[in-house]
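Single-structure report; data block below.
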Ligand code: NAD
């Protein structure tokens, strides 16, 4: 239980990868603040299960982020994980979707980080973990906003790692390949439309075709990597972009 006495805020942790990261940090004793949308009863049940509090802040709203961070108090571990996707050819890409994807996937991480860093520096310890993506290292067509946002997360993470080098605070990206979550489920119909494929073809010929293992990454595997990055032994691991993508980006 190496995270006893540490407080962790995981954005977008009412679902998918964020929830798995929250569970992994809780298993090591961290005190959790969850964030994200969802059914009120389900969120209450998660809070009870994980002995966590919850912020419903919409991370597209800077004022709501500022309130969440002020109410959260001292944060030792910040996981910027909330994210969204939209699949469309660039010439048809809805402007509102572009702005929301850049806003949630990239700009929100800037705001939470700028607000968390002073306390981490003052305490001489911190972990910033940003859920990027294989799409922070490579691209796929029809995901212009997502790929731009995730490449941005990679650059942002490296920058803060350099700035925080001597402070005891590390900053790293985790870059999953395809993990079966509502985010992936939600992009299948648009990918079918954009590429003229069936659902099975999208799963086997588009998604799993990228991953030499031919398996979806499991959310718990991403959680385990996040927990490792919080260990004392990971104190020299900073500015890195950790692939967990079944070999996708080895090509
Ligand atoms: P998900 O849809 O299961 O979860 C997204 C979470 O973000 C939810 O908790 C949701 O409530 C929250 N959220 C959405 N909009 C929000 C907003 N405006 N303010 C606050 N919270 C908001 O998705 P997921 O697949 O678990 O994705 C989590 C992260 O992992 C994202 O950054 C995503 O880009 C990244 N990722 C996912 C995959 C994958 O295959 N699923 C692969 C690589 C990277």
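Residue numbers (the working numbering): 3 to 253. The beta-carbon is built from N, C-alpha and C at its ideal position, and this holds for glycine as well. Note that the coordinates shown come from a computational prediction; the quantities given were computed from them, not determined experimentally.
Selection from the options that minimises the alpha carbon distance to residue i
{"i": "residue 190", "options": "41, 43, 88 and 31", "result": "88"}
{"i": "residue 106", "options": "223, 61, 76 and 45", "result": "61"}
{"i": "residue 30", "options": "43, 52, 19 and 44", "result": "52"}
{"i": "residue 174", "options": "188, 138 and 197", "result": "138"}
{"i": "residue 79", "options": "7, 17, 57 and 49", "result": "7"}
{"i": "residue 176", "options": "247, 198, 117 and 112", "result": "247"}
{"i": "residue 24", "options": "42, 48 and 108", "result": "48"}
{"i": "residue 69", "options": "118, 104, 103 and 33", "result": "118"}
{"i": "residue 108", "options": "152, 122, 93 and 129", "result": "152"}
{"i": "residue 212", "options": "141, 196, 71 and 163", "result": "141"}
Residue i - containing alpha helix (DSSP H), residue span
{"i": "residue 66", "result": "64-74"}
{"i": "residue 97", "result": "97-104"}
{"i": "residue 81", "result": "Segment 79-82 is the beta strand (DSSP E) holding residue 81; no alpha helix (DSSP H) there."}
{"i": "residue 151", "result": "146-165"}
{"i": "residue 192", "result": "184-197"}
{"i": "residue 119", "result": "110-125"}
{"i": "residue 211", "result": "Neither: residue 211 is in no alpha helix (DSSP H) and is coded neither H nor E."}
{"i": "residue 19", "result": "18-29"}
Presumed contact (8 Å Cβ cut-off) between residue i and residue j, rounded CB distance
{"i": "residue 172", "j": "residue 240", "result": "4 Å"}
{"i": "residue 133", "j": "residue 85", "result": "7 Å"}
{"i": "residue 13", "j": "residue 110", "result": "7 Å"}
{"i": "residue 226", "j": "residue 27", "result": "Rounded, the Cβ-Cβ distance is 11 Å, inconsistent with contact."}
{"i": "residue 19", "j": "residue 224", "result": "5 Å"}
{"i": "residue 244", "j": "residue 136", "result": "Wrong, their Cβ atoms sit about 11 Å apart, outside the cutoff."}
Where residue i sits in the DSSP three-state scheme
{"i": "residue 239", "result": "coil"}
{"i": "residue 132", "result": "strand"}
{"i": "residue 5", "result": "coil"}
{"i": "residue 224", "result": "helix"}
{"i": "residue 253", "result": "coil"}
{"i": "residue 10", "result": "strand"}
{"i": "residue 219", "result": "strand"}
{"i": "residue 181", "result": "strand"}
{"i": "residue 138", "result": "helix"}
The beta strand (DSSP E) enclosing residue i, as first and last residue numbers
{"i": "residue 172", "result": "171-178"}
{"i": "residue 48", "result": "Looking at the DSSP string, residue 48 is not in any beta strand (DSSP E); the run it does join, the alpha helix (DSSP H), is 42-52."}
{"i": "residue 35", "result": "33-37"}
{"i": "residue 56", "result": "55-57"}
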